[in-house]
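Trainee: Residue numbers (the working numbering): 34 to 286. Just dropping this structure here.
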Amino acid sequence: MSSETEQPTPEPRPTPADAAESGVSPTAVPETAAAPEQPGTDADGAIATPDTAASATTPDTASAATGDTTPAASPHRASPALIATAIALPVALIAGVLVLAVLARQNPARGPLALGSVSAPAATGPACTALLPALPATIGDYHHADLADPAPPATAAWQSADAGDPIVLRCGLDRPQEFDKAAALQVVDGVNWFALRDPAANTSSGTYFAVDRGTYIALTLPDHAGPTPLQEISDTIAKVLPARPIDPGPLPN
């Protein structure tokens, strides 16, 4: 027997190949836990926080990034008072034009009234000289009208706003041929009038002759003038000129 003690032989460490053949997996190395995600950094190394990330995409920087140079819309809005003024001004101008048109229609521009001459042998007599200044300036809706030269003597006229047929008074005329003893008379405010109208003439006016004042006075009236002009002229004649006996012509043979 030998005196040396036998030392145990160490068992060989299995290799990965042996482990594969034996079906035993090698001891797994524990995986290191994934580190939490860190905020990103920009190109300069600065940490990009949510605020800085949001500010990085403001409209100004976005437009700069896209190359859009269109200016941003102004946040200011037009004042309501300015809008109301802009609307009211043209309306006021239109209203002003309409008012002027109405006034022009009511007061049309017109020149002197042209009248033809008729035989008036007593036009410069005392009766006409007293009557003309006493005539009214207005008769109902008719106003005194200037006469164009050469104006007939002892003649006055009145015209309405619509510039229609005027009212015309002539003093100192000859006795009308139609005024005879068979003529019918109309008395207005104490003045005897003889109406003369030719139905064949197809006119819109009629003429009345005052036949009891020592001179013949003719008053031509438009049909639509109504009774007022005859009444007012009769009142003036009765105040200025005394009544005289009538002198009609003889009856025709």
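A virtual CB, placed ideally from N, CA and C, is assigned to each residue, including glycine. As the structure is a prediction and not an experimental result, all values here were calculated from the model.
Quick one: give me the first and last residue of the beta strand (DSSP E) that VAL221 is part of.
Mentor: 219-221 is the span of the beta strand (DSSP E), which, as asked, contains VAL221.
Trainee: Where does LEU274 sit, in a helix, a strand or coil, going by DSSP?
Mentor: Looking at LEU274 - three-state DSSP - the assignment turns out to be coil, as it is neither helix nor strand.
Trainee: Identify the continuous alpha helix (DSSP H) that holds LEU165 and give its terminal residues.
Mentor: Its alpha helix (DSSP H) spans residues 159-167.
Trainee: Output the residue ranges of the beta strand (DSSP E) runs that lie fully inside the region 169-238 and measure 3 residues or longer, sorted by chain position.
Mentor: Taking only runs of at least 3 residues, the beta strand (DSSP E) segments lying wholly in the region 169-238 are 175-177, 188-192, 200-206, 219-221 and 224-229.
Trainee: With ILE250 as the anchor, note down where its beta strand (DSSP E) starts and where it stops.
Mentor: 249-255 is the span of the beta strand (DSSP E), which, as asked, contains ILE250.
Trainee: Let me make sure I understand the geometry here. Which of ILE172, GLY197, ILE200 and VAL244 has the alpha-carbon closest to that of LEU218?
Mentor: Comparing Cα-Cα distances from LEU218 to each of ILE172, GLY197, ILE200 and VAL244, the minimum goes to VAL244.
Trainee: Candidates CYS161, PHE242 and PRO255: which alpha carbon is nearest VAL224's?
Mentor: Comparing Cα-Cα distances from VAL224 to each of CYS161, PHE242 and PRO255, the minimum goes to PHE242.
Trainee: Which value, in whole angstroms, describes the spacing of the CA atoms of LEU274 and LEU146?
Mentor: Those two C-alpha atoms are separated by around 27 Å.
Trainee: What residue from PRO255, ALA251, VAL220 and PRO154 has the CA that sits closest to ASP195's CA?
Mentor: For ASP195, the nearest C-alpha among the options comes from PRO255.
Trainee: Do LEU165 and ALA184 have their C-beta atoms within less than 9 Å of each other?
Mentor: Their beta carbons are not under 9 Å apart, which means LEU165 does not touch ALA184 by this criterion.
Trainee: Please list, in chain order, all residues of the same chain as ALA190 whose beta carbon is under 7 Å from its beta carbon, the five residues on each side excluded.
Mentor: Around ALA190: LEU146, LEU148, ALA178, LEU180, PRO199, ILE200 and VAL201.
Trainee: Is the beta carbon of LEU168 closer than 9 Å to that of THR240?
Mentor: It is not a contact, given that the beta carbons lie outside the stated cut-off.
Trainee: Please determine, among GLY144, ALA251, GLY158 and PRO260, the residue with the shortest C-alpha to C-alpha distance to PHE30.
Mentor: No statement about residue 30 is possible, as the shown extent of the chain runs from 34 to 286 and does not include it.
Trainee: Are VAL221 and GLN264 closer than 9 Å when you measure CB to CB?
Mentor: For VAL221 and GLN264, yes; Cβs fall inside 9 Å.
Trainee: Smallest Cα separation from LYS272: which of ALA163, VAL151, SER150 and GLY144?
Mentor: Cα-wise, what sits closest to LYS272 is ALA163.
Trainee: Given a cut-off of 9 Å, decide if ARG246 and ALA156 are closer than it, judged by their beta-carbon atoms.
Mentor: Cβ atoms of ALA156 and ARG246: not closer than 9 Å.
Trainee: Using the beta-carbon count (16 or more within 10 Å), is ARG230 buried or exposed?
Mentor: Looking at its Cβ environment, which holds fewer than 16 other Cβ atoms inside 10 Å, ARG230 is exposed.
Trainee: Among CYS204, LYS214, GLY197 and ASP280, which one has its Cα closest to the Cα of ILE266?
Mentor: Per the Cα distances, CYS204.
Trainee: Helix, strand or coil for ALA147? Go by DSSP, reduced to three states.
Mentor: The answer is coil: DSSP assigns ALA147 none of H, G, I, E or B.
Trainee: Between GLY173 and PRO262, which are expected to be in contact by the criterion C-beta below 8 Å, what is the C-beta distance as a whole number of angstroms?
Mentor: Right, the Cβ-Cβ distance comes to about 6 Å (below 8 Å), so this counts as a contact.
Trainee: How big is the Cα-Cα spacing for ALA215 and ASP280?
Mentor: Distance between the alpha carbons of ALA215 and ASP280 is about 12 Å.
Trainee: My output table needs one value for ALA155: the three-state DSSP class, helix, strand or coil.
Mentor: Correct three-state label for ALA155: coil.
Trainee: Hey, how far is the Cα of THR253 from the Cα of SER238?
Mentor: Cα-Cα distance, rounded: 7 Å.
Trainee: What does the Cβ neighbour count give for THR171, buried or exposed, with the cut at 16 atoms within 10 Å?
Mentor: The residue in question, THR171, is exposed, as its Cβ has fewer than 16 Cβ neighbours within 10 Å.
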